[in-house]
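Going down the list, the protein sequences come from chains A and B. Position in the first sequence counted from 1, then plus 499, gives you the numbering used here. Position in the second sequence counted from 1, then plus 170, gives you the numbering used here.
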Amino acid sequence: MQFFLLGGIFMGFTLCGVYLWRAYLTRRRFFSDTITFMGYLGIEIAFSKNQIGLVIERYGAGFCEPFRNMITAYKQIMDSRADITRDGINEILWKRLRPDERVVVADLLYNLGRHACAQEEKKLRTKNVEIARLHERAIGEMRSRASIYLKLCIILGIGVVILLL
Amino acid sequence: MDIVLETLPEHLRAYFARVDLSAVNEIRLRVNAPVLVCANGRNMFLTPNGLADKVRRDTDVVYASRNELESILHKASGYSIYAVNEQLKMGFMTIRGGIRIGVVGEVVSENGITSTIKNIHALNIRIPRMVSGCSYPILPYIFGGTMPTSTLIIAPPGCGKTTMLRDIAYQISDKFYMLNTLIIDERGEIAATHMGECQLDVGAFTDVMTGCTKTFGFENGVRSMRPHVIITDEVATCADTEMIKTATHSGVRVIASVHAANIEEIRTKPNFRELVESAVFDRYVVLSGLGKIEGVYDRNLRLMAG
Chain A
500 MQFFLLGGIF
510 MGFTLCGVYL
520 WRAYLTRRRF
530 FSDTITFMGY
540 LGIEIAFSKN
550 QIGLVIERYG
560 AGFCEPFRNM
570 ITAYKQIMDS
580 RADITRDGIN
590 EILWKRLRPD
600 ERVVVADLLY
610 NLGRHACAQE
620 EKKLRTKNVE
630 IARLHERAIG
640 EMRSRASIYL
650 KLCIILGIGV
660 VILLL
Chain B
171 MDIVLETLPE
181 HLRAYFARVD
191 LSAVNEIRLR
201 VNAPVLVCAN
211 GRNMFLTPNG
221 LADKVRRDTD
231 VVYASRNELE
241 SILHKASGYS
251 IYAVNEQLKM
261 GFMTIRGGIR
271 IGVVGEVVSE
281 NGITSTIKNI
291 HALNIRIPRM
301 VSGCSYPILP
311 YIFGGTMPTS
321 TLIIAPPGCG
331 KTTMLRDIAY
341 QISDKFYMLN
351 TLIIDERGEI
361 AATHMGECQL
371 DVGAFTDVMT
381 GCTKTFGFEN
391 GVRSMRPHVI
401 ITDEVATCAD
411 TEMIKTATHS
421 GVRVIASVHA
431 ANIEEIRTKP
441 NFRELVESAV
451 FDRYVVLSGL
461 GKIEGVYDRN
471 LRLMAG
């Protein structure tokens, strides 16, 4: 019985570590998916000129959950023919974004499809640089903090188990 | 009309709830100016209580802002202005239901070529209506036997030239004559094509080339679609008249329209004088009011009816 209890405690700490590690991984994926989405959009603007709704419909399923949820909510606003406002955009942003990240992503979504081809491509390129910077930061955090938290949780789990023994 | 309402910003949509939309032909919005609605051919102000001919104070009317105009364009384009930029360059956008939004603003050019319109100043939302049978009075003059004669419809703006052409297309293609009809719809006004689908009924035997110049449409349409009749709107340039001449010489009948006040103007317009002299058109139909036929003339401009 004691063995199972100690095993459970160790597993609990490890899962906490994995959860934290995954949180950093999701952040990284969120930004890499944003860049991929902008890439798809850039191709559509340059060649087929399909509407944003169709691009989301076509490629949305392949993205990580937070990004998929965000663009699906964005599409729902479009489908309901409502005005796209900054407040509306703030409502649908992924809750775990930091204030500076929220500004960049909200600005990207708000300005989507508001310009002619050349200006839209220019805007996307500018935004791409900003998102790439956030992506780099997320990668850096994942490398440094995520692995530390994971290791720390495992060590803590082992420590607590030893103490209880 | 639901499509128009969907396109409007929420603030304006609320005011339009008190308007009889079935009578509305046009909605004109200008930046920081009163919203004007043309209903049953009359221009009226949009007020918080519906439409009004006259208003006492500026505060009685509903104004449109720049943001609202931009929001309309954004929504009408499916939230993707880049997708309709080719139309915008020509100053309009066609949406579902054949609704056409005329756009004016600051034209952006690069190396002399228009790239887009920015700083939108005004929008004109035009709601097209099928007036079935409006061409009946002129059909007997257009059709001598099994084939129609080449005809030019002459009228100033707003007299129903496009509506007339649309009905002629429907009548000759579908209802009576079942002839292969090709509409060269440069600005998407006759068939109001949206995403490759005609939003207005122009007949089952009608093909529509849209968004192309008349020259391109004539050259390629004659070869690829083997039409008996070509219908096109607003002939203006030398290239247009030259193509009409070429098409009629290749056995295709052309039914077209032109902006002019009366038959005399056609005689004096440089491009058209030659068309008249070489008798390219067999009939000239002059409209003088909304759907009002002033006269039908033969190839020598002799009055046949009117």
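Every residue, glycine too, gets a C-beta built ideally from N, C-alpha and C.
Between the C-alpha atoms of residue i and residue j, what's the straight-line distance to the nearest angstrom?
{"i": "D606(A)", "j": "E238(B)", "result": "19 Å"}
{"i": "A184(B)", "j": "R296(B)", "result": "20 Å"}
{"i": "R469(B)", "j": "R453(B)", "result": "6 Å"}
{"i": "F386(B)", "j": "I353(B)", "result": "12 Å"}
{"i": "K462(B)", "j": "P307(B)", "result": "10 Å"}
{"i": "G516(A)", "j": "A631(A)", "result": "27 Å"}
{"i": "T383(B)", "j": "E356(B)", "result": "6 Å"}
{"i": "V201(B)", "j": "N289(B)", "result": "10 Å"}
{"i": "N210(B)", "j": "G267(B)", "result": "19 Å"}
{"i": "V231(B)", "j": "L596(A)", "result": "43 Å"}
{"i": "E620(A)", "j": "E629(A)", "result": "14 Å"}
{"i": "R236(B)", "j": "L293(B)", "result": "11 Å"}
{"i": "L191(B)", "j": "R423(B)", "result": "38 Å"}
{"i": "L471(B)", "j": "L199(B)", "result": "41 Å"}
{"i": "S343(B)", "j": "N432(B)", "result": "28 Å"}
{"i": "M413(B)", "j": "P440(B)", "result": "16 Å"}
{"i": "S427(B)", "j": "D403(B)", "result": "5 Å"}
{"i": "I401(B)", "j": "I242(B)", "result": "31 Å"}
{"i": "G303(B)", "j": "T284(B)", "result": "39 Å"}
{"i": "V660(A)", "j": "F503(A)", "result": "11 Å"}
{"i": "H244(B)", "j": "A560(A)", "result": "25 Å"}
{"i": "D223(B)", "j": "M537(A)", "result": "49 Å"}
{"i": "G658(A)", "j": "I638(A)", "result": "29 Å"}
Sorted by chain position, which residues of the same chain lie with C-beta nearer than 7 Å to residue i's C-beta, five sequence neighbours on each side aside?
{"i": "S305(B)", "result": "M334, D337, I338, Q341"}
{"i": "E464(B)", "result": "V456, L457, S458, G476"}
{"i": "L592(A)", "result": "M569, R601, V604, A605"}
{"i": "Y539(A)", "result": "V554, Y558"}
{"i": "F451(B)", "result": "S320, T321, L322, L445, R469"}
{"i": "F546(A)", "result": "none"}
{"i": "T418(B)", "result": "S320, V424, V450"}
{"i": "C408(B)", "result": "N441"}
{"i": "V392(B)", "result": "A417, S420, V422"}
{"i": "I544(A)", "result": "C616, E619, E620"}
Taking DSSP's pairing of strands, which residues face residue i in a bridge?
{"i": "T418(B)", "result": "DSSP lists no partner for T418(B)."}
{"i": "K462(B)", "result": "G459(B)"}
{"i": "N432(B)", "result": "None; N432(B) has no bridge partner."}
{"i": "S279(B)", "result": "T284(B)"}
{"i": "V272(B)", "result": "Here residue 272(B) is Gly; the residue named in the question, Val, does not match the sequence. Looking at the DSSP assignment, G272(B) forms a beta bridge with F262(B), N294(B)."}
{"i": "S427(B)", "result": "I323(B)"}
{"i": "R378(B)", "result": "Position check: residue 378(B) holds Val in this sequence, whereas Arg was assumed. According to DSSP, which records beta bridges pairwise, V378(B) is partnered with I353(B)."}
{"i": "D468(B)", "result": "R453(B)"}
{"i": "L473(B)", "result": "Y467(B)"}
{"i": "P318(B)", "result": "F313(B)"}
{"i": "V399(B)", "result": "T351(B), R423(B)"}
Using C-beta distances below 8 Å, list every residue in its chain close to residue i, excluding the 5 sequence neighbours before and after it, in chain order.
{"i": "R642(A)", "result": "none"}
{"i": "T416(B)", "result": "F388"}
{"i": "G587(A)", "result": "I576, A581"}
{"i": "E330(B)", "result": "It should be noted that the sequence gives Gly, not Glu, for residue 330(B). Cβ within range, chain order: V301, C304, L457, L460, G461."}
Excluding the 5 residues flanking residue i on each side, which residues of the same chain have their C-beta closer than 6 Å to its C-beta?
{"i": "D162(B)", "result": "As shown, chain B starts at 171 and ends at 476. That puts residue 162(B) outside it, with no answer to give."}
{"i": "L611(A)", "result": "I551"}
{"i": "F512(A)", "result": "C652, L655, G656"}
{"i": "P565(A)", "result": "F529, W593"}
{"i": "T264(B)", "result": "R270, G358, A362, H364"}
{"i": "K574(A)", "result": "G552, I555"}
{"i": "L633(A)", "result": "F530, E600"}
- Message: If we require 3 or more residues per run, which beta strand (DSSP E) segments fall completely within the segment 329-373 of chain B?
- Response: 351-355
- Going along the chain, which unbroken runs of the alpha helix (DSSP H) with 4 or more residues stay wholly within the segment 188-261 of chain B? 236-246, 255-259
- Task: Within the segment 502-539 of chain A, note down every full beta strand (DSSP E) run reaching 3 residues or more, in order along the chain.
- Result: none
- How do the segment 355-372 of chain B and the segment 310-319 of chain B stand: do at least 3 beta-carbon pairs fall below 8 Å, yes or no? no
- Which full runs of the alpha helix (DSSP H) of 4+ residues lie inside the segment 586-622 of chain A, going along the chain? 598-610
- Pair every Cβ in the segment 211-226 of chain B with every Cβ in the segment 240-259 of chain B, then say whether three or more of these pairs are closer than 8 Å. no
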